[in-house]
Amino acid sequence: MRRPGRDDTPDRLYTLTGGRSRADSDAFDLVTLVVSEFEPTPGMQSEHTAILRMCRRPTAVVEIAAELGLPVSIVKILLSDLLATGRITARHPQTSRQPARLPDPTVLEQVLVGLRNL
Amino acid sequence: MASATSDTTDPTGAAPATGLPGPAAAPAPAAGPPSDRTPLLSTASNALKVVVVGGFGVGKTTLVRSVSEIRPLNTEETMTQAGQHVDDNSAVLAKSATTVAFDFGRISLNEETVLYLFGAPGQERFWFLWDRLFAGTLGAVVLVDTRRLADSWYAIDRLEQHGTPFIVARNDFGGPRYTHQEIRDALDLLPHVPLVDCDARSREDGKAVLIALVRHLHRLVTGQVH
Ligand SMILES: Nc1nc2c(ncn2[C@@H]2O[C@H](COP(=O)(O)OP(=O)(O)O)[C@@H](O)[C@H]2O)c(=O)[nH]1
Ligand SMILES: [Mg+2]
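Residue numbers (this note's numbering), protein chains in the order written: chain A, 1 to 118; chain B, 119 to 344.
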């Protein structure tokens with residue numbers, strides 16, 4: 001694996017995303033788990049193919065970004081395309097994105113049990 | 119592309135994955151390309167975030183590696199648009215791309231729940247991306263090296279302003295032994311904020327740090343903090 005971003009000139013990123021910006025991509029969190037619903041088809045953009053292969057098992061957005069060596073925001077745009085065409089589904093984190101809201105105590109208790117069992 | 123951080127990891131120098139035994143470590147489907155990735159369980163549905171924040175070289179990546187079931191991965195986020203929230207000093211950067219690098223690992227806690235751990239540099243220039251990256255984070259661990267306590271002041275300020283719950287962990291580099299009270303005073307910590315000691319290289323210590331954070335969060339949520 002190469003270090004992320006080494007040859008990511010703005011031009012290349014522009015080409016990858018067809019020049020679109022973050023329109024629908026805010027739907028994805030860094031840790032939204034992405035699952036493929038279809039196998040890649042011939043002629044598909046290579047990044048889309050790679051994502052569909054990787055996400056045969058649930059894979060977090062940030063892991064896709066690390067594996068592809070692309071910035072997170074670019075990966076989110078690629079994912080919005082795949083979501084819009086039904087090729088992937090997304091399992092969003094159940095925690096609130098509101099900064100002032102604290103997590104549910106039962107979630108924290110589950111986390112504690114999990115950590116203690118490590 | 120402007121790079122706004124120097125906190126990068128050399129992926130080739132990282133230790134091999136210490137994948138947990140059991141279903142989480144099952145091989146990738148045979149049809150897939152060769153990969154050393156350890157996939158999540160197919161039942162994984164809820165991912166949580168914890169951020170480890172601190173100055174350069176304080177042991178963030180080491181801590182993540184100690185507890186993660188995968189070798190820490192490195193990635194980056196890029197801010198390319200003008201008109202986002204930036205401070206005056208970075209107004210010029212806002213017109214081009216600004217990039218911050220961070221690394222992460224993960225722990226599968228049960229069949230549905232996965233905890234992602236992010237190592238994030240504490241410097242000022244990182245913070246304009248905090249909301250984008252870490253909205254919804256459970257809480258933070260501020261990792262400190264007592265030889266360079268001032269490196270963590272800025273991060274603590276921002277976490278307090280932001281209302282993100284945190285604990286402080288002293289990573290023991292064998293420097294002078296300050297008392298907890300001396301460290302609390304130097305960091306101006308509120309009395310309810312836990313301060314713990316760790317060796318970031320130790321898996322048991324890494325676990326204990328995370329447990330201390332989650333217990334703190336639990337006390338906050340259930341109103342047991344005075
Ligand atoms: N002696 C000692 N060295 C440590 C400890 N934690 C990390 N290190 C070393 O400190 C260096 C910087 O750690 P790293 O995790 O890369 O720091 P980061 O920049 O915060 O991610 C590495 O060489 C680590 O092996 C510790 O608890 N004790
Ligand atoms: Mg590091």
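Built from N, CA and C at the ideal position, the CB exists for glycine as well.
Please list the partners that residue 340/B has in chain A, where partner means a Cβ-to-Cβ separation under 7 angstroms.
Near residue 340/B (Cβ distances below 7 angstroms), the residues of chain A are 105.
If you reduce the DSSP assignment to three classes, tell me which class residue 77/A lands in.
Note: residue 77/A maps to helix in three-state DSSP.
What whole-angstrom Cβ distance do residue 176/B and residue 263/B have, given they're in contact under 8 angstroms?
Beta-carbon to beta-carbon, residue 176/B and residue 263/B are separated by about 5 angstroms, close enough to satisfy the 8 angstroms threshold.
Does residue 161/B come out as helix, strand or coil in the three-state DSSP assignment?
Coil at residue 161/B, not helix or strand.
Let me check you understand the geometry: is the CB of residue 324/B closer than 7 angstroms to at least one non-hydrogen atom of ligand 2?
Flag unset: Cβ of residue 324/B not near ligand 2.
Can you check DSSP and say which residues form a bridge with residue 183/B?
Bridge partners of residue 183/B: none, in fact.
Assuming residue 88/A contacts residue 82/A under a Cβ cut-off of 8 angstroms, what Cβ separation, rounded to an integer in Å, is found between them?
The C-beta separation of residue 88/A from residue 82/A comes to about 4 angstroms, placing the pair in contact by the 8 angstroms criterion.
Extent of the continuous alpha helix (DSSP H) to which residue 114/A belongs:
Residue 114/A -> alpha helix (DSSP H) spans 105 to 116.
Beta carbon proximity, residue 63/A to chain B, threshold 8 angstroms:
Residue-level contact check: residue 63/A touches chain B, since one or more beta carbons of chain B fall below 8 angstroms from its beta carbon.
Looking at the structure shown, is residue 306/B part of a helix, part of a strand, or coil, going by DSSP?
In the three-state DSSP reduction, residue 306/B falls in the coil class, being neither helix nor strand.
Who are the neighbours of residue 165/B on chain A, taking C-beta pairs under 7 angstroms?
Those within 7 angstroms of residue 165/B in chain A are 31, 33, 60 and 93.
Can you have a look at residue 229/B and say buried or exposed, based on whether 16 or more other CB atoms are within 10 angstroms of its CB?
The residue in question, residue 229/B, is exposed, as its Cβ has fewer than 16 Cβ neighbours within 10 Å.
Proximity below 8 angstroms, CB of residue 111/A to CB of residue 158/B
In this structure, residue 111/A lies away from residue 158/B, with their beta-carbon atoms at least 8 angstroms apart.
How about residue 289/B: is its Cβ closer than 7 angstroms to a heavy atom in ligand 1?
Residue 289/B Cβ: within cutoff of ligand 1.
At a threshold of 7 angstroms, does residue 193/B count as lining ligand 2 (C-beta to nearest heavy atom)?
No, ligand 2 has no heavy atom inside 7 angstroms of this Cβ.
Candidates 33/A, 43/A and 102/A, of which the one nearest residue 280/B by Cα:
When each option's Cα is compared against that of residue 280/B, the closest is 102/A.
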